[in-house]
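Residue numbers (this note's numbering): 51 to 271.
Just so you know, even glycine gets a beta-carbon here, dropped at the ideal spot from N, CA and C.
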């Protein structure tokens, strides 16, 4: 690995954000811009992104590899804040489909770092959401969504990217506290919440830190 490779890995300056028009994605864009990153947002329509400022917009779908390749050119890192609505009955494939194409496109464009938001309940965090989440919300509303989050996580783990999987607790829109906890050992943990603002701060911090490289912290208050 050359010195320039190390510098790019340690200090990315150009970042592509997927899911930039969502509640958390908008905060990620604004925080990254405020910290001096050159931000590109891949969005499906300019109208939905009309109030996003400071970022270069690329119009396209995250499930379109050509659009991904276009948006990825010249980037140092990617933040995926892609989400999907609850789906009690219909199979969910958006996250895994987009991620499969993203990983392939990142390798092709030599973009090394991926910070991806999944969720509490994915992978080995299953069963730690608390009674209401684990017994009611997850099985009735989110089972199919989380099946796709698990596929998404597996695709990222199997890649050779410098990845961080971020599993937020239940999200809220309260003011950020900047006092979040990052957990890997979930013994004794059963449920929690986190402000979108604090999640966004943690996610953007991962662009320049190797602390959680190839790890999957659960982020909560």
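Please report the Cβ distance between residue i and residue j, rounded to the nearest whole angstrom; I am assuming they are in contact, meaning their Cβ atoms lie under 8 Å.
i           : j           : result
residue 250 : residue 102 : Incorrect: roughly 13 Å between the Cβ atoms, too far for contact.
residue 151 : residue 118 : 6 Å
Let me check one thing: in DSSP terms, what residues is residue i bridge-paired to?
i           : result
residue 243 : 220
residue 254 : Partner(s): none; residue 254 has no beta bridge.
residue 129 : 67, 165
residue 103 : None, per the DSSP bridge assignment.
residue 91  : 67, 107
residue 16  : Residue 16 lies beyond the stretch modelled for the chain, which goes from 51 to 271, so this question has no answer here.
residue 214 : 165
Nearest to residue i by CA position, among the options, is which residue?
i           : options            : result
residue 164 : 268, 86, 259       : 259
residue 133 : 144, 257, 171, 264 : 144
residue 123 : 204, 67, 71        : 67
residue 237 : 257, 180, 138      : 180
residue 187 : 136, 256, 82, 239  : 136
residue 272 : 207, 111, 72, 92   : With the chain covering 51 to 271 only, the question about residue 272 has no answer from this structure.
residue 22  : 160, 196, 161      : Beyond the ends of the chain as shown, which are 51 and 271, falls residue 22; an answer cannot be given.
residue 244 : 207, 89, 222       : 222
residue 85  : 62, 265, 72        : 62
residue 239 : 271, 191, 225      : 271
What's the C-alpha gap between residue i and residue j?
i           : j           : result
residue 234 : residue 269 : 9 Å
residue 229 : residue 254 : 15 Å
residue 170 : residue 184 : 10 Å
residue 100 : residue 128 : 21 Å
residue 203 : residue 97  : 30 Å
residue 262 : residue 232 : 10 Å
residue 178 : residue 189 : 13 Å
residue 140 : residue 210 : 32 Å
residue 76  : residue 70  : 5 Å
residue 193 : residue 138 : 7 Å
residue 130 : residue 257 : 12 Å
residue 156 : residue 205 : 13 Å
residue 241 : residue 72  : 23 Å
residue 168 : residue 252 : 14 Å
residue 94  : residue 159 : 21 Å
residue 106 : residue 172 : 31 Å
Is it true that the CB of residue j sits closer than 8 Å to the CB of residue i?
i           : j           : result
residue 267 : residue 220 : no
residue 148 : residue 201 : no
residue 74  : residue 227 : no
residue 108 : residue 82  : no
residue 89  : residue 110 : no
residue 212 : residue 146 : no
residue 214 : residue 154 : no
Using a Cβ cut-off of 8 Å (strictly closer), state whether residue i contacts chain D.
i           : result
residue 122 : In summary, chain D is missing from the structure at hand, where a single protein chain is found.
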